[in-house]
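Numbering (this note's numbering), first residue to last: 73 to 310. Note that CB positions come from ideal geometry on N, CA and C, so glycine has one too. Computed from a predicted model, the values in this text were never measured in an experiment.
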Amino acid sequence: MYQGGDNTIIPQWNFRLTKPQPAQPFLEVLAGSRQAVPPVWMMRQAGRYLPEYRELRATAGSFLDLCFNPEWAAEVTLQPIRRFGFDAAIIFSDILVIPHALGRSVRFEAGEGPRLDPLDTPEKIATLAAAADFTKLGPVYEALRRVRAELDPKIALIGFCGAPWTVATYMVAGQGTPDQAPARMLAYRAPDAFAKIIDVLVENSIQYLLGQLKAGADALQIFDTWAGVLPPREFQRW
73 MYQGGDNTII PQWNFRLTKP QPAQPFLEVL AGSRQAVPPV WMMRQAGRYL PEYRELRATA
133 GSFLDLCFNP EWAAEVTLQP IRRFGFDAAI IFSDILVIPH ALGRSVRFEA GEGPRLDPLD
193 TPEKIATLAA AADFTKLGPV YEALRRVRAE LDPKIALIGF CGAPWTVATY MVAGQGTPDQ
253 APARMLAYRA PDAFAKIIDV LVENSIQYLL GQLKAGADAL QIFDTWAGVL PPREFQRW
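Have a look at this one:
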């Protein structure tokens, strides 16, 4: 696999194609090629700035219901492509689907963001499952298959997950905080317990990303939203 400077992972296939495949400018740039016209995609390119998204969101009910309905998730993924013709689509999902698959309670409160049952003591961390129930993530894979089937072959499809550190910060605090201090303090006071969360997330995130590749993702991105709150030494560790 190739890894871009923004932590995007591009699969390098080890088989010979039977017929020429259309070029994907987005993937070519990630692999180091120069393009006369740079390919474009945008963070959060699917979302509530689009009236068609707001209409579907109202139908879906909860945010996770929207994420875990393959038809709806595929539709939301494709909406900005139809409207703007971006060079890549990124699957509509959330970084907290891994804790959900690990059996943790994950919910999204209107106007407040994600809420989880905090893993804020070594005793609670000891109850964390080692392996995710990947059947719970089947809808994400199905959404990827649906999007790939409908996308123009020249448009890349990006899968993603949250980086272990960032996902762990939400699991420890039970929500987002200004500087994710609860996770930083737990990592300092109980490093072995915190390391268990990280190890579980690493192993299950790998399997989740591999599943996305099999389902049709052309590239993978790992979002480490809260990496910047760590000093260099802790950044290297976690």
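- Unbroken beta strand (DSSP E) runs of no fewer than 3 residues, entirely contained in the segment 140–177, are found at 160–162, following chain order.
- Counting along the chain, Phe307 sits inside the alpha helix (DSSP H) bounded by residues Pro304 to Arg309.
- Rounded to whole angstroms, Pro190 and Leu150 show a C-alpha spacing of 34 Å.
- Comparing C-alpha distances from Arg218 to each of Ser177, Arg187 and Ala287 shows the shortest one belongs to Ala287.
- Between Gly119 and Val148, the alpha-carbon positions lie close to 8 Å from each other.
- Taking a C-beta distance under 8 Å as the contact criterion, Ala146 and Ile230 do not qualify as a contact pair.
- Exclusion of the five residues before and after Val112 leaves Phe158 and Asp159 as the residues of its chain whose Cβ lies within less than 7 Å of its Cβ.
- Taken in chain order, the complete beta strand (DSSP E) segments of 3 residues or longer contained in the segment 228–279 are 228–234.
- Secondary structure of Glu195 (DSSP, three-state): helix.
- Ala161 sits away from Leu209, with the two beta carbons spaced by 8 Å or more.
- Contact annotation, Ala235 with Ala255: C-beta distance approximately 12 Å; criterion of less than 8 Å not satisfied.
- Taken atom to atom, the span from the alpha-carbon of Gly133 to that of Gly104 is near 42 Å.
- Straight-line spacing of the CA atoms in Pro110 and Gln117 works out to 17 Å.
- Ala291 has Ile230 as its beta-bridge partners, per DSSP.
- Residue range Gly210 to Glu222 is occupied by the alpha helix (DSSP H) that includes Gly210.
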